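Student:
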Amino acid sequence: MRKITTLDGIELVPIGLGTFPFQREEMCLLIENAVAVGYRLFDTADDYRGETGIGMAVERLTKSGRIKRESLFLQTKISANGSYVNEPLSGVYFNKYSPFMQKHSVAELVREKVHISLREMHTEYLDSLLIHLPYEDYFPDIWETMVRLKDEGKVRYLGVSNFHPRHIGQLPTEAKPDINEIYISPIGTKDAQVEYAGKEDILLMTYSPLMDVAAQRIKAEGTIKGIMQKYGKTLAQIVLRWNVDRGCIPLPRTKNPMRLRENFSIFDFQLTADEIETISSMNRDYQYMAESTICPGI
Ligand SMILES: NC(=O)c1ccc[n+]([C@@H]2O[C@H](COP(=O)([O-])OP(=O)(O)OC[C@H]3O[C@@H](n4cnc5c(N)ncnc54)[C@H](OP(=O)(O)O)[C@@H]3O)[C@@H](O)[C@H]2O)c1
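Here my numbering is used: position 156 in the sequence shown is 174, and no number is missing along the way.
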């Protein structure tokens, strides 16, 4: 698995916290609880409206000496949607029909978005910055500006989200993505993406890894029952560990303190190759949410 560290040089524990849709005080409390459990990686986006709450937590945690900023890993994304109060939400940016894009350059917009993310999250650098979706006509230029921002020390790792290999192939070659954040679950295993990421040394982070658990879809099939009993683990823990054992970092979301601990307690066992195979056999190429409605061909 591609190794990624916090600024203090510690390798990331292979699990992160998904933070949509929490905001402000609720988000702040969630991050404080999660840090106490051991989470260091927090995933957000500039259109989740959660960066302000993360910033409140960063300030409280660092000022009280509970953790240093350089021990946290803050990840956000550049999105086409408006991010802040008074902005319309949908498709304002990276859309050639948007009047906004006729007046502003991509570089100017990306820099402004990152400036706001840094300000809201009370930080001088982002650990990781992703392009949220492969915005047709725009993502290579967005990438160019991200590379500049990395050179300037504002970002440590660069990545993409919802990208297929063919999109990654269209990125300007001066820097390869470190990370691709995509949907993966036992019913949407994305074997080709996992193989490609391994070959290209790209770290896969997996979003919505528990949506199917929450929806009881996987439970109904019962395939995982024997494995749960063998290790004395819950369905969620087995699914998260399956992600880790395939070389991915899952980003589950919960604000329930018990589940925060449950989801983090997956590092005292390891699945066998046969067990990974059994879980993967549930695949039916499911994709949670359309990856992109604006990038034809997906
Ligand atoms: N890049 C992208 O395009 C993209 C798209 C979607 C999501 N994401 C990221 O991925 C994160 C997670 O995705 P998600 O929120 O859609 O889905 P998720 O984390 O797979 O599922 C969340 C649901 O699972 C439940 N849950 C959590 N832990 C559980 C456990 N141990 N047992 C049973 N149920 C459990 C939660 O309920 P409770 O809250 O009640 O515990 C919640 O209903 C987001 O927050 C976001 O950061 C990224």
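Glycine included, every Cβ here is placed at the ideal spot set by N, Cα and C. Just so it is clear, the structure is predicted and the values come from calculations on it, not from any experiment.
What would DSSP say about Lys223, mapped onto helix, strand or coil?
Tutor: Looking up residue 223 in the sequence shown gives position 205. Per the sequence presented here, residue 223 reads as Met, with Lys not at that position. Looking at Met223 - three-state DSSP - the assignment turns out to be strand.
Student: Under the criterion of a Cβ to heavy atom distance below 8 angstroms, does Ala215 qualify as lining ligand 1?
Tutor: As a first step, residue 215 is located in the sequence shown; it is residue number 197 there, counting from the start. Incorrect: Ala215 has no Cβ contact closer than 8 angstroms to ligand 1.
Student: Using three-state DSSP, classify Val31 as helix, strand or coil.
Tutor: Your numbering for residue 31 matches position 13 in the sequence shown. Val31 falls in the coil class under three-state DSSP.
Student: Does ligand 1 have even one heavy atom less than 8 angstroms from the beta-carbon of Ala63?
Tutor: Here residue 63 corresponds to residue number 45 of the sequence shown, with the count starting at 1. Checking every heavy atom of ligand 1 against the Cβ of Ala63, one is found closer than 8 angstroms.
Student: Between which residues of its own chain and Gly36 is the CB-CB distance below 8 angstroms, once the five residues before and five after are set aside?
Tutor: Counting from 1 along the sequence shown, the entry for residue 36 is found at position 18. Correct list, in chain order: Asp61, Tyr225, Ser226, Leu269, Pro270, Arg271.
Student: Ala291: buried (16+ other C-beta within 10 angstroms of its C-beta) or exposed?
Tutor: In the sequence shown, counting from the first residue as 1, residue 291 sits at position 273. Ala291 is exposed by the Cβ-count criterion.
Student: Using 8 angstroms for Cβ pairs, my map puts Asn301 next to Gly206. What's the rounded Cβ distance?
Tutor: As a first step, residue 301 is located in the sequence shown; it is residue number 283 there, counting from the start. As a first step, residue 206 is located in the sequence shown; it is residue number 188 there, counting from the start. Indeed, because the Cβ distance is near 7 angstroms, the residues count as touching under 8 angstroms.
Student: Do you know how far the Cα of Arg42 is from the Cα of Leu289?
Tutor: As a first step, residue 289 is located in the sequence shown; it is residue number 271 there, counting from the start. As a first step, residue 42 is located in the sequence shown; it is residue number 24 there, counting from the start. Computed Cα separation, rounded: 38 angstroms.
Student: Leaving out five residues before and five after Asn264 in sequence, what residues of the same chain have Cβ atoms less than 7 angstroms from its Cβ?
Tutor: Along the sequence shown, one-based indexing puts residue 264 at 246. The amino acid at residue 264 is misidentified as Asn; the sequence shows Arg. The answer, listed in chain order, is Val212, Ile294.
Student: Is any heavy atom in ligand 1 found nearer than 8 angstroms to the beta carbon of Asp110?
Tutor: Here residue 110 refers to the residue found at position 92 of the sequence shown. One detail in the question is off: residue 110 reads as Val in this sequence, not Asp. No, the Cβ of Val110 stays beyond 8 angstroms of every heavy atom of ligand 1.
Student: Give the C-beta separation of Ser197 and Ser146 to the nearest angstrom, bearing in mind that I take them to be a contact with Cβ-Cβ under 8 angstroms.
Tutor: Working through the sequence shown from its first residue, we reach residue 197 at position 179. Working through the sequence shown from its first residue, we reach residue 146 at position 128. Just to set this straight, residue 197 is Ile in the shown sequence, not Ser. Between Ser146 and Ile197 the Cβ distance is about 6 angstroms, and since that is below 8 angstroms, they are a contact.
Student: Is Ile33 closer than 9 angstroms to Val262 when the C-beta atoms are compared?
Tutor: Within the sequence shown, residue 262 is the residue found at index 244, counting from 1. Within the sequence shown, residue 33 is the residue found at index 15, counting from 1. In this structure, Ile33 lies closer than 9 angstroms to Val262 by Cβ.
Student: CB-CB under 8 angstroms to Ile297, same chain, minus the five flanking residues each way: which ones, in chain order?
Tutor: Mapped onto the sequence shown, residue 297 falls at position 279. Hits under 8 angstroms: Pro204, Thr241, Ile242, Ile245, Ile256, Val257, Trp260, Leu289.
Student: Tell me which residues share the same chain as Val165 and place their Cβ nearer than 8 angstroms to its Cβ, disregarding the 5 neighbours each side in the sequence.
Tutor: Here residue 165 refers to the residue found at position 147 when the sequence shown is read from its first residue. Leu176, Pro190, Glu192, Ala193.
Student: So, does the segment 167-181 touch the segment 115-135, judging by three or more C-beta pairs under 8 angstroms?
Tutor: Yes: the two stretches touch, three or more of their Cβ pairs being nearer than 8 angstroms.
Student: What are the uninterrupted segments assigned as beta strand (DSSP E) that are 3 or more residues long and contained completely in the segment 62-133, given in chain order?
Tutor: Entirely contained in the segment 62-133, the beta strand (DSSP E) runs reaching 3 residues are, in chain order, 91-96.
Student: Name the two residues that bound the continuous beta strand (DSSP E) containing Tyr175.
Tutor: Along the sequence shown, one-based indexing puts residue 175 at 157. Counting along the chain, the beta strand (DSSP E) containing Tyr175 begins and ends at 173-179.
Student: Would you list the residues sitting across from Pro268 in a DSSP beta bridge?
Tutor: By one-based count along the sequence shown, residue 268 stands at place 250. Answer is Thr224, bridged to Pro268.
Student: On the three-state DSSP scale, how would you describe Ile49?
Tutor: Sequence index remark: in the sequence shown, residue 49 carries index 31 (1-based). Ile49: helix per DSSP, three-state reduction.
Student: Judging by CA-CA distance, which residue of Ile72, Gly68, Asp64, Lys217 is the nearest neighbour of Arg58?
Tutor: The sequence position of residue 58 within the sequence shown is 40, counting from 1. Looking at the Cα atoms, Ile72 is the closest of the given residues.
Student: How many Å lie between Arg137 and Asp159 at the Cα?
Tutor: Numbered from 1 along the sequence shown, position 119 holds the residue referred to as residue 137. Numbered from 1 along the sequence shown, position 141 holds the residue referred to as residue 159. For Arg137 and Asp159, the distance between alpha carbons rounds to 23 angstroms.
Student: May I have the straight-line CA-CA distance separating Gln247 from Lys273, to the nearest angstrom?
Tutor: Stepping through the sequence shown from its first residue, residue 247 is reached at position 229. Stepping through the sequence shown from its first residue, residue 273 is reached at position 255. Roughly 26 angstroms between the two C-alpha positions.
Student: Going by the beta-carbon positions, is the gap between Ala80 and Arg87 smaller than 9 angstroms?
Tutor: Reading the sequence shown from its first residue, position 62 is the one you call residue 80. Reading the sequence shown from its first residue, position 69 is the one you call residue 87. Note that residue 80 corresponds to Thr in the displayed sequence, not to Ala. It is a contact, given that the beta carbons lie within the stated cut-off.
Student: I want to check one thing, is the minimum distance from the CB of Lys319 to the heavy atoms of ligand 1 below 8 angstroms?
Tutor: In the structure displayed, the chain extends from 19 to 316; residue 319 sits before or after that span and is not available.
Student: Can you pull the DSSP bridge partners for Thr23?
Tutor: Working through the sequence shown from its first residue, we reach residue 23 at position 5. Paired residues: Glu29.
Student: Give the DSSP-derived three-state secondary structure of Tyr342 in the structure shown.
Tutor: In this structure the chain extends from 19 to 316, so residue 342 is not present and cannot be described.
Student: Counting along the chain, where does the alpha helix (DSSP H) carrying Asp263 start and finish?
Tutor: The residue you call residue 263 lines up with position 245 of the sequence shown. Asp263 -> alpha helix (DSSP H) spans 253-263.
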